[in-house]
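In full-length UniProt numbering, the protein residues as written are 1 to 182.
For every residue, glycine included, the Cβ atom is placed at its ideal position computed from N, Cα and C.
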């Protein structure tokens, strides 16, 4: 397990997707990685929490956040070594930080410090104009707009630049491609 939350230095351009649940982050990361012939870093929080649900039938607690952060950084640092020009990240520590504030009203200082110092070439915030699909982990189908606003509030409060993605998958891919190749 990663002992620090430091990003590995690399000339590879990190592209991160953040936003409310079920807004296309995974699909965009995977599809763009294919399009740009590179790899993507999947959302470690989903893997970790799905395993917890499947084996213990338990949901996320405060004590899960730091192990999730370490797992996400380890995965991203591993994938950056395999990447070709871009690494598409299906979330990053900024997502974990925002959700920590949303669910617990606070964030572990180590996670917040790392979230605010990690650098991404481009950060995309995914809008809620795609259909919500239930699964074991998703729990806010009627609150996605307020969660989106919560993301905007936190990103703006920290001066973090981002681009909002709206529309169909094809429209979002076109928006990303245009931004990345401009």
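Taking 8 Å as the cut-off, decide whether the C-beta atoms of residue i and residue j are in contact.
i	j	result
residue 110	residue 66	yes
residue 39	residue 87	yes
residue 144	residue 80	no
residue 10	residue 90	no
residue 165	residue 126	yes
residue 92	residue 120	yes
residue 132	residue 104	no
residue 180	residue 15	yes
For the alpha helix (DSSP H) holding residue i, just list the boundary residues, first then last.
i	result
residue 80	65–80
residue 148	144–157
residue 51	44–56
residue 160	From DSSP, residue 160 is part of no alpha helix (DSSP H); its letter is neither H nor E.
residue 26	25–35
residue 113	109–117
residue 176	169–181
Can you pull the DSSP bridge partners for residue i?
i	result
residue 90	17
residue 39	87
Between residue i and the rest of its own chain, which residues show a CB-CB distance below 7 Å, the 5 nearest in sequence each way excluded?
i	result
residue 82	39
residue 41	75, 76, 79, 87, 89, 90
Can you name, in chain order, every residue of its own chain whose Cβ lies under 6 Å from the Cβ of residue i, other than the five neighbours on each side?
i	result
residue 94	18, 115
residue 112	97
Ordered along the chain, which non-local residues of its own chain (more than five positions away) have a Cβ less than 8 Å from that of residue i?
i	result
residue 25	17, 18, 19, 43, 90, 91, 126
Terminal residues of the continuous beta strand (DSSP E) containing residue i?
i	result
residue 125	122–126
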